[in-house]
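Protein chains: 2
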Amino acid sequence: MCLLQAAYEEIHCNGFRGTSLEAILRRAGVTKGALYHHFPNKNALGCAMVDEMLTSGIRERFIEPLEQCENPITGLHALCDTFDEAATLELLEQGCPLNNLAQEMSSVDETFRQRIEFVFRTWRESLEKILARGQEKGYVRRELNVTQIATFIVATVEGSIGLAKNAQDIRLFRQCIEGMRQYLDIIATPEWQTKYASSGAVTETPSIS
Amino acid sequence: MCLLQAAYEEIHCNGFRGTSLEAILRRAGVTKGALYHHFPNKNALGCAMVDEMLTSGIRERFIEPLEQCENPITGLHALCDTFDEAATLELLEQGCPLNNLAQEMSSVDETFRQRIEFVFRTWRESLEKILARGQEKGYVRRELNVTQIATFIVATVEGSIGLAKNAQDIRLFRQCIEGMRQYLDIIATPEWQTKYASSGAVTETPSIS
DNA sequence: CAATACATACAGACCGGTTGGTATGTAACT
DNA sequence: AGTTACATACCAACCGGTCTGTATGTATTG
Chain X
1 MCLLQAAYEE IHCNGFRGTS LEAILRRAGV TKGALYHHFP NKNALGCAMV DEMLTSGIRE
61 RFIEPLEQCE NPITGLHALC DTFDEAATLE LLEQGCPLNN LAQEMSSVDE TFRQRIEFVF
121 RTWRESLEKI LARGQEKGYV RRELNVTQIA TFIVATVEGS IGLAKNAQDI RLFRQCIEGM
181 RQYLDIIATP EWQTKYASSG AVTETPSIS
Chain D
1001 MCLLQAAYEE IHCNGFRGTS LEAILRRAGV TKGALYHHFP NKNALGCAMV DEMLTSGIRE
1061 RFIEPLEQCE NPITGLHALC DTFDEAATLE LLEQGCPLNN LAQEMSSVDE TFRQRIEFVF
1121 RTWRESLEKI LARGQEKGYV RRELNVTQIA TFIVATVEGS IGLAKNAQDI RLFRQCIEGM
1181 RQYLDIIATP EWQTKYASSG AVTETPSIS
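Sequence lines, in order, name chains X and D. In terms of our numbering, the first sequence is numbered consecutively and its last residue is 209. In terms of our numbering, the second sequence is numbered consecutively and its last residue is 1209.
If you want it as structure tokens, here you go:
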């Protein structure tokens, strides 16, 4: 097994500082000499893992499914459906590998923080672009700030996973997804709202100036 | 300084596993003998810290301000205002002490996980009760599930703090608070909505420079 | 062609420092 | 005198990192 893959799995389970090189080496089936031939130290291995594993993970799970959609609102609803169905994953027991690392390392190691921040920023900016395109096409309310929405969505997704992980309870995650669906009705133009939240005022209020 | 206080501060900065007993002892001004006289091991000290420091922290910051409000919607808006103003805190550089610990320890140590989960559950349930009372009084839409809303709000708050901490950027936190304000319009009855989302206010908010 | 020289890609023993935890000592209070 | 409440010295385990050794490939040169 590849060193980066082994590092990913081990770190996902035990955190970066809780993972010994020995454990990664054992899993990868290589020796310490091999590791230190390719990487100067443990930190560099971790950073490389972030760059090559986590970046692609976020892209595949959260960005690409939306980029292929004509309508970001329905795309996000579909993503919510996906989460609801396939939420039995390790993702909810072990948490999001990216956010785990972010919370553990951000205030401890600056190089780590920057790598992770780059992944989050890419995610937010991709989502922002998708939403902006949705605005142009009339799916997303034009008067809203897509930068702000993108940040809110990313924060909510990570918060949801984190809460469910701590409680070891998928139902919490489902409740959060429900909240996300409600939120989508705010940012959608009236004709693309699902009226999810309720009957009544929310769906009727939109008076675009 | 009290041992628990010292443990709180040190763990908040470096995480539980990243904090040595030596560091806590130095800060508290006591010796190892004193510590092991009161606690059987490091884990027990950490758990006691969760019970006695973090529980009260959540209660003071997030629960009590709402319990004193007649209307939970305006109460939550006021809480958002508070965050917006006093967000220069260590809270955004070091993150939420509770969530830091939750993300670091949940999948590693079961006793820790349970203590932290109890704090989160208390928070969610308190918020749920507050919202339910708001429903009875006509401030919060009756057709909505207050359990789900409470979970969503807690997840979003923690996600927001975590994202801002990783980016070391308060503006991200502000953007998330903005999203929270929008969300409040969903759960409020029409007469208590701020029309925050659909008015021009949002578009004029300071975007990134 | 073949001998040499050198670079690459590992393997594995070893080391210094740190850490959680323990064992023993001791002063004060009851 | 005995219990409580510490203080201090010490230890075994672990961990990141280094050092030396070695097998293989490749460029150079007589």
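Glycine included, each C-beta is placed from N, C-alpha and C at the ideal position.
Under 7 Å by beta carbon: chain X residues contacting residue i
i	result
residue 1166 of chain D	102, 106, 113, 116, 117, 120
Assigned exposure category for residue i - 16 Cβ within 10 Å defines buried
i	result
residue 1034 of chain D	exposed
residue 37 of chain X	exposed
residue 1202 of chain D	With a pLDDT of 40 at residue 1202 of chain D, under the threshold of 50, the modelled position of this residue cannot be trusted; read the value that follows with caution. It is buried - the Cβ of residue 1202 of chain D has at least 16 other Cβ atoms within 10 Å.
residue 1046 of chain D	buried
residue 1151 of chain D	buried
residue 1165 of chain D	buried
residue 40 of chain X	exposed
residue 90 of chain X	exposed
residue 1026 of chain D	exposed
residue 1049 of chain D	buried
residue 138 of chain X	exposed
residue 1001 of chain D	exposed
Residue-level contact to chain D via CB, residue i, 8 Å cutoff
i	result
residue 160 of chain X	yes
Interface residues of chain X facing residue i [CB-CB closer than 8 Å]
i	result
residue 1149 of chain D	179
residue 1095 of chain D	103, 106, 107
residue 1172 of chain D	151, 155
residue 1127 of chain D	Correct list: empty, because the minimum Cβ distance to chain X is about 12 Å.
8 Å Cβ cut-off: residues of chain D touching residue i
i	result
residue 183 of chain X	1179, 1182, 1183, 1186
Contact set between residue i and chain D, taken where Cβ atoms lie within less than 9 Å
i	result
residue 47 of chain X	Per Cβ cutoff of 9 Å: no residues; residue 47 of chain X is ~15 Å from chain D at best.
residue 175 of chain X	1145, 1147, 1148, 1149, 1150, 1151, 1152, 1155
Any C-beta of chain X under 8 Å from that of residue i
i	result
residue 1152 of chain D	yes
residue 1043 of chain D	no
residue 1163 of chain D	yes
DSSP beta-bridge partners of residue i
i	result
residue 1140 of chain D	D:1188
Point to revise | Against chain D: residues of the segment 63–83 of chain X by CB proximity under 8 Å | key: Close to chain D, meaning a Cβ-Cβ distance shorter than 8 Å, is no residue of the segment 63–83 of chain X at all.
Point to revise | Contact list for the segment 8–29 of chain X against chain D, Cβ threshold 9 Å | key: If the cut-off is 9 Å between Cβ atoms, the segment 8–29 of chain X has 12, 13, 14, 15, 17, 18 near chain D.
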